[in-house]
Every structure is written in structure tokens, then in C-alpha cells.
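Report on the following structure.
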Amino acid sequence: MGSEDATTCHIVVLRNTAQRILLLNNRNELHLFGGFLDDRGFSSGLTVSILEALQKQDEPIHLCSACVTGFNNVVESGQHKPIISGIGVSIQDGEIYPATFENKGPDEIIQHARVFVGDERMVEVYNSSNKELQIEPYDSKNKLPAKYLEFYCNADDKVILQNLSTSPHCEPPYFASTTRATFLHILTHPQPLITVFPEGKPRVYQLSDSEKNWTRTS
0 MGSEDATTCH
10 IVVLRNTAQR
20 ILLLNNRNEL
30 HLFGGFLDDR
40 GFSSGLTVSI
50 LEALQKQDEP
60 IHLCSACVTG
70 FNNVVESGQH
80 KPIISGIGVS
90 IQDGEIYPAT
100 FENKGPDEII
110 QHARVFVGDE
120 RMVEVYNSSN
130 KELQIEPYDS
140 KNKLPAKYLE
150 FYCNADDKVI
160 LQNLSTSPHC
170 EPPYFASTTR
180 ATFLHILTHP
190 QPLITVFPEG
200 KPRVYQLSDS
210 EKNWTRTS
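Quick note on numbering that gives the first Met the number 0: the sequence shown kicks off at 0 and runs consecutively.
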């Protein structure tokens, strides 16, 4: 499992090394990736905020990797960019490596919509033990005005990048089209708790044994 498309955003991997049966070698290992030397300092501010939040935790946390901001920066054609923007994590042994993902998971647009409407709850999205992915319900009512959504549904790529990205020159080629599709979905479903999440229940999907296909189970 893993994450990608982190420009000024950061990927935080917090892994407990305890063996499931005997609870030996139990410690919390932290790995941070993302950010670069962006002109507006979004990356450095986020790096500091994450480290400050983790420092306040009661349990000891061991920082094992920190490929962030200045340590994750490269200059190409006169512009600063992140070296690593995606990582994968081996569930079996905890190995971490640079990665990109062809499979974005089921209902990618609905996953993005939940983020765009400002749902900041920390939830479990994917459970590797049973290969189950869950999209929690969200309510977009009074979150994003229809005129705002309509504007970006019809905006060109440059406008979307300049106004909705903290690092326009670093975004993947599908950023604008995915954002446009997400806003269209939110506009089309003003009452997602009725039309997207019947009875307010989460959408649950099961990954096939071949790890290529998803089946919605509820």
C-alpha cells in the first residue's frame, strides 16, 4: 500500500514493529516524505507542524526517515520540485520505496470529493488484513457554493492549476481533469447522504485475490 502525488503535501508512515503474537521489538517508527523548497514556504510550514504534533504524543516515536522539504528538493529547468512524491510500503516487512500507482482504487472521484468538501476526520480507508476499502459518508451541504463549483467545472487547466494547487508546476498531468470531474460530482450530488451514501452508510469494496479488481460489497 502507499500514497502518491505529494508535492507540498507530506506522506506520513507510522509503523508499529511489534510481532503480532509475542509483542516483541515493540516500537513506533516514523517515516516522512514530501514537500520541497517551494517559494511560498508551504512545505516547510507543514514539516514543522507535523513534527510538533508528533512531539506532543505520549508514546515514544522513532524518526527513521525524513525525506522532506529541503532534503526532498531538486532544481529542474530553474524550478524547485520534489524528488520523491509517492511511496509504497510493504505490509510484510515494512520496506519503504518510491512508487507510483496505476490503480487509484474504486470510485476515485468520490474519494476526492470527500476531501474537497472539507471532511477532516481521520478515518481508516484501507484495511490490508482483509483487503477492504471503505469510503466514509460526507455531507457537502453548504460547503461549496454552486457558482464556485460551476466555475471550475468549466475552467481550463491553467486556471485550475493556478487557483487550486499550491505547486502548479509539480502536479501530475491528470490533476486538472480529476479536479474538474470531482467538482462536477459534488455539483451533481448536492445531497450525497441520499444519492451517494444511501441511509448514510459507507461504501465498502473488496479487492480481488489477484489485486487487480474491486467489488463493491455494501
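Glycine is no exception: its CB is placed at the ideal position from the N, C-alpha and C atoms. As the structure is a computational prediction, the values presented were derived from the model and not from experiment.
Q. Does DSSP put L21 in a helix, a strand or coil?
A. Stepping through the sequence shown from its first residue, residue 21 is reached at position 22. Note that L21 has pLDDT 46, beneath the 50 cutoff, so the model's placement of it is unreliable and the number below is only indicative. Residue state, collapsed to three classes: coil.
Q) Going by DSSP, which residues form a beta bridge with Q133? A) Your numbering for residue 133 matches position 134 in the sequence shown. Q133 is bridged to V203.
(Q) So for C8, helix, strand or coil by DSSP? (A) By 1-based counting over the sequence shown, the position of residue 8 is 9. Coil.
Q) In chain order, what residues of the same chain have a beta carbon less than 6 Å from the beta carbon of T165, not counting five sequence neighbours either side? A) Taking the sequence shown and counting its residues from 1, one reaches residue 165 at position 166. If we look at T165 and ignore the five residues flanking it on each side, its Cβ neighbours are T7, F41.
Q: Would you mind stating whether Y151 and F182 have Cβ atoms separated by less than 8 Å?
A: In the sequence shown, the residue the question calls residue 151 occupies position 152. In the sequence shown, the residue the question calls residue 182 occupies position 183. In contact: Y151 and F182 (Cβ atoms closer than 8 Å).
Q. Going by Cα to Cα distance, which pick from Q56, D57, F32, R39 is closest to T46?
A. Taking the sequence shown and counting its residues from 1, one reaches residue 46 at position 47. Minimum Cα distance to T46 is reached at F32.
Q.
With a threshold of 7 Å on Cβ separation, who are the neighbours of D138 within its own chain once the five nearest residues in sequence on each side are excluded?
A. In the sequence shown, counting from the first residue as 1, residue 138 sits at position 139. Closer than 7 Å at Cβ, skipping near neighbours: P191, L192.
Q: Mark V88 as exposed unless 16 or more other C-beta atoms lie within 10 angstroms of its C-beta, in which case mark it buried.
A: Along the sequence shown, one-based indexing puts residue 88 at 89. Per the 10 Å Cβ criterion, buried.
Q) Is G85 near G1, with beta carbons less than 8 Å apart? A) For the purposes of this step, residue 85 is taken as residue 86 along the sequence shown, with counting starting at 1. For the purposes of this step, residue 1 is taken as residue 2 along the sequence shown, with counting starting at 1. Result yes, Cβ atoms of G85 and G1 sit closer than 8 Å.
Q | Straight-line gap, L143 to N25 (C-alpha atoms, nearest Å) | A | Indexing the sequence shown from 1 puts residue 143 at position 144. Indexing the sequence shown from 1 puts residue 25 at position 26. If I take the Cα positions, the gap works out to 44 Å.
Q) From this set, V11, H61, I10, which residue's C-alpha is nearest E28's C-alpha? A) Along the sequence shown, one-based indexing puts residue 28 at 29. For E28, the nearest C-alpha among the options comes from H61.
Q: Going by CA-CA distance only, name the one from L13, P201, S76 that's closest to E58.
A: Sequence index remark: in the sequence shown, residue 58 carries index 59 (1-based). It is L13 whose Cα lies nearest to the Cα of E58.
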